[in-house]
Amino acid sequence: MPTATARHILVASEEQCNDLKQRIAGGEDFAAIAKEHSTCPSGRSGGDLGSFSQGMMVPEFDQVVFRDELNTVHGPIKTQFGYHLLEITSRNA
């Protein structure tokens, strides 16, 4: 079964998500922004979600994590929890 590691930032609005994505694209550190802005408990550890298998996260995550490019900030991704920026740090088949 495929597994991956990723980190994310969870915020309440698409607008805030886009603003944070621009800041990261401009050179700010993903982990520092996660610690400051993410409303998920993982924000305390820089947004690190650890290792997980396909199907362990919400479907919206699987659609990105197991298909899209590594080490790129993806999003905003809307889920039942809010809006996410997601960076896939590793993946194996």
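Numbering of the sequence shown is given in full-length UniProt numbering, commencing with residue 1 and proceeding in unit increments. We treat Cβ as the ideally placed atom computed from N, Cα and C, and that holds for glycine. All values derive from a computational prediction rather than experimental measurement.
**OP:** If I'm right that Gly46 touches Ala34 with Cβ under 8 Å, what's the distance once you round it to whole angstroms?
**Re:** With 8 Å as the limit, Gly46 and Ala34 qualify as a contact, their Cβ atoms being about 5 Å apart.
Original post:
What is the DSSP secondary structure of Ser42, reduced to helix, strand or coil?
Top reply: Helix, per DSSP.
Original post:
Taking the alpha-carbon positions, what's the Asp62 to Asn92 distance?
Top reply: Rounded to whole angstroms, Asp62 to Asn92 spans 13 Å at the Cα level.
Subject >> Spatially closest choice to Leu85 from Phe52, Gly55 and Gln16, by CA coordinates >> reply: Taking only the C-alpha atoms, the option nearest Leu85 is Gln16.
**OP:** For Arg44, I'd like the list of residues in its chain whose CB is within less than 7 Å of its CB, leaving aside the five on either flank, ordered along the chain.
**Re:** Exclusion of the five residues before and after Arg44 leaves Lys35 as the residues of its chain whose Cβ lies within less than 7 Å of its Cβ.
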